[in-house]
Amino acid sequence: MIRLFCLVLVLLAGPVLGAQTKWPLWNEYSARFISPEGRVIDHNAQDHTTSEGQSYAMFFALVANDRSSFDRLLAWTGNNLAAGSLSSRLPGWEWGKGDDGNWHILDTNSAADSDLWIAYDLLEAGRLWHDARYTTLGRNIAANIAREEVVELPGFGTVLSPGGKGFHPAKDQWVLNPSYSPLPVLTALANLEKAGPWRRIAGNVSALLQQSVRRGIPMDWVTYSKSTGFQPSLPPGRILGIPVSSYDAIRVYLWAGLTNAATPGRDKVLKAIPGMSEYLATGADVPEIVNENGLAIQQPGPPGFYAALLPYLAANGNLAAQQRCSQKLSGAHKGQSQLFGYPAAYYDQNLALYGTGWLDGYYSFAGNGDLQVKW
Numbered sequence: 000m001i002r003l004f005c006l007v008l009v010l011l012a013g014p015v016l017g018a019q020t021k022w023p024l025w026n027e028y029s030a031r032f033i034s035p036e037g038r039v040i041d042h043n044a045q046d047h048t049t050s051e052g053q054s055y056a057m058f059f060a061l062v063a064n065d066r067s068s069f070d071r072l073l074a075w076t077g078n079n080l081a082a083g084s085l086s087s088r089l090p091g092w093e094w095g096k097g098d099d100g101n102w103h104i105l106d107t108n109s110a111a112d113s114d115l116w117i118a119y120d121l122l123e124a125g126r127l128w129h130d131a132r133y134t135t136l137g138r139n140i141a142a143n144i145a146r147e148e149v150v151e152l153p154g155f156g157t158v159l160s161p162g163g164k165g166f167h168p169a170k171d172q173w174v175l176n177p178s179y180s181p182l183p184v185l186t187a188l189a190n191l192e193k194a195g196p197w198r199r200i201a202g203n204v205s206a207l208l209q210q211s212v213r214r215g216i217p218m219d220w221v222t223y224s225k226s227t228g229f230q231p232s233l234p235p236g237r238i239l240g241i242p243v244s245s246y247d248a249i250r251v252y253l254w255a256g257l258t259n260a261a262t263p264g265r266d267k268v269l270k271a272i273p274g275m276s277e278y279l280a281t282g283a284d285v286p287e288i289v290n291e292n293g294l295a296i297q298q299p300g301p302p303g304f305y306a307a308l309l310p311y312l313a314a315n316g317n318l319a320a321q322q323r324c325s326q327k328l329s330g331a332h333k334g335q336s337q338l339f340g341y342p343a344a345y346y347d348q349n350l351a352l353y354g355t356g357w358l359d360g361y362y363s364f365a366g367n368g369d370l371q372v373k374w
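Pasting the structure below:
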């Protein structure tokens with residue numbers, strides 16, 4: 000822990016290129032959801048913190064050229080989710096108040112999507128801020144992901160498991176989350192870490208979606224076996240309810256829309272998930288939940304869903320639906336606040352920072368996955 004703290008102090012002392020970008024939504028998000036120590040707080044979930052929240056905030060801090068926030072987020076993540084050593088240990092996914100009344104890590108199992116974004120954040124921070132120490136740490140995390148969170152599906156190929164354990168319930172069955180594989184991030188890792196599994200994983204993203212969607216709609220969770228292929232499923236550990244497309248799958252549209260048109264596989268990904276664009280072309284509102292038959296069973300969705308779909312609708316050329324989503328999103332502010340929804344929810348703001356940040360030109364992804372920033 001002391002070693003990581005010293006590293007962060009050194010990083011804080013390093014050069015920052017240019018001034019911090021004026022990004023009002025990021026500034027207000029930081030003030031509302033990030034503690035002075037660098038902990039992202041989900042006020043809708045008993046003030047818990049997840050590795051997801053840390054990884055997203057690090058990305059936004061990099062986009063904003065906010066290096067001090069980036070380093071605080073990095074330090075808190077390493078010290079509290081990875082026992083002081085992100086270079087050797089993947090972070091646990093949840094931290095909060097335990098039954099004993101103390102605040103500590105609640106689940107040490109890793110979350111592969113968060114780990115992937117943290118590795119990418121660090122690799123891009125090293126490139127953009129010209130600091131090899133970020134790069135080294137990012138490569139270490141990528142190597143740990145490759146060792147602990149990558150699986151070979153018989154009859155299909157290499158994919159990213161949702162975490163280090165708990166997603167292989169039977170000898171011939173695996174549980175996957177399609178939203179955990181953002182194509183720009185995987186493409187960047189494939190170009191930076193040529194010896195790793197990243198090019199194979201990136202190459203399988205479109206096939207995973209093609210084979211797991213239902214009526215062009217990606218599902219939150221799916222299972223795979225060689226005999227039955229991909230099937231919609233409940234989240235791990237849940238035994239009641241039905242498979243749906245909702246708070247996880249909304250990111251499948253988001254990542255697809257953010258992907259540069261020159262990125263290999265991007266057009267196949269978009270072609271695999273036409274369902275939401277077709278549904279919104281009818282003039283309907285964005286649904287919160289869609290079942291595996293493509294039926295909206297709850298609507299309208301929260302403001303973050305509208306923001307997440309903006310790049311996807313733009314990529315599909317569905318400008319009428321994009322305009323309606325923009326209008327709905329604009330009506331989700333309260334007073335002078337930049338935040339969306341009232342009360343403003345943590346997850347909505349993350350989706351909005353990705354969606355509107357891209358549309359407003361704060362960042363984009365190059366064809367090779369490199370992060371391109373305004374500053």
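First residue of the sequence shown? That's 0 in numbering that gives the first Met the number 0, and the numbers climb one at a time after it.
Here a beta-carbon is modelled for each residue, glycine too, at the ideal position from N, C-alpha and C.
As the structure is a prediction and not an experimental result, all values here were calculated from the model.
For the pair A118 and G91, the CB atoms are not nearer than the 8 Å cut-off.
If you draw a straight line from the Cα of P273 to the Cα of G83, it comes to about 43 Å. Boundaries for L352: no beta strand (DSSP E) harbours it, while the alpha helix (DSSP H) harbouring it runs 345-358, taken from the DSSP string. A295 is the residue among A295, E291, K267 whose C-alpha sits nearest the C-alpha of Y278. DSSP places T107 outside both helix and strand once states are collapsed to three, so it counts as coil. DSSP places K96 in the strand class (E or B) of the three-state scheme. Beta bridge pairing from DSSP links G156 with L152. In the DSSP assignment, G240 falls outside any alpha helix (DSSP H), carrying neither H nor E. Only buried fits Q53, as 16 or more other CB atoms lie within 10 angstroms of its CB. Around V62, the same chain offers Y361, Y362, V372 as residues with beta carbons nearer than 6 Å, after the five sequence neighbours per side are excluded. Counting the other Cβ atoms within 10 Å of the Cβ of R146 gives fewer than 16, which makes it exposed. Using a Cβ distance threshold of 8 Å, P153 and K96 do not count as a contacting pair. Taking G162 as the centre and dropping the five residues before and after it, the same chain places the C-beta of N108, S109, A110, A111 closer than 6 Å to its C-beta, in chain order.
Counting along the chain, the unbroken beta strand (DSSP E) around P231 starts and ends at 228-231. Within the DSSP bridge table, the entry for A82 names no partner. As a beta-bridge residue in DSSP terms, N290 pairs with V243.
Going by DSSP, W25 is part of the alpha helix (DSSP H) stretching over 23-32. DSSP places W220 outside both helix and strand once states are collapsed to three, so it counts as coil. Annotation for A295: the continuous beta strand (DSSP E) segment containing it runs 295-297. Per DSSP, S54 has no beta-bridge partner at all. Beta-bridge partners of D41 (DSSP): H47.
Straight-line measurement puts the Cα of S178 at about 22 Å from the Cα of I40.
Given a length threshold of 3 residues, the segment 119-143 has no whole run of the beta strand (DSSP E) inside it.
Excluding five sequence positions before and after P23, the CB atoms of its chain that fall closer than 7 Å to its own CB belong to Q337, given in chain order. Only residues of its own chain outside the window of five on either side were considered, and among them P310, Y311, A314 have a CB closer than 6 Å to the CB of G256, listed in chain order. Take the alpha-carbon of L85 and the one of D106: they are about 16 Å apart. Taking C-beta separations shorter than 7 Å and ignoring five residues to either side along the sequence, the partners of C324 in its chain run V285, Y305, L308, L309, L312, following chain order. In the DSSP secondary-structure assignment, L175 is bridged to V221. With a contact defined as Cβ atoms closer than 8 Å, V243 and V289 qualify at about 7 Å. In this structure, P217 keeps its C-beta atom at 8 Å or more from the C-beta atom of A260.
Shortest Cα-Cα distance from P235 to any of F339, T222, S245 involves T222.
When DSSP states are grouped into helix, strand and coil, S205 belongs to the helix group.
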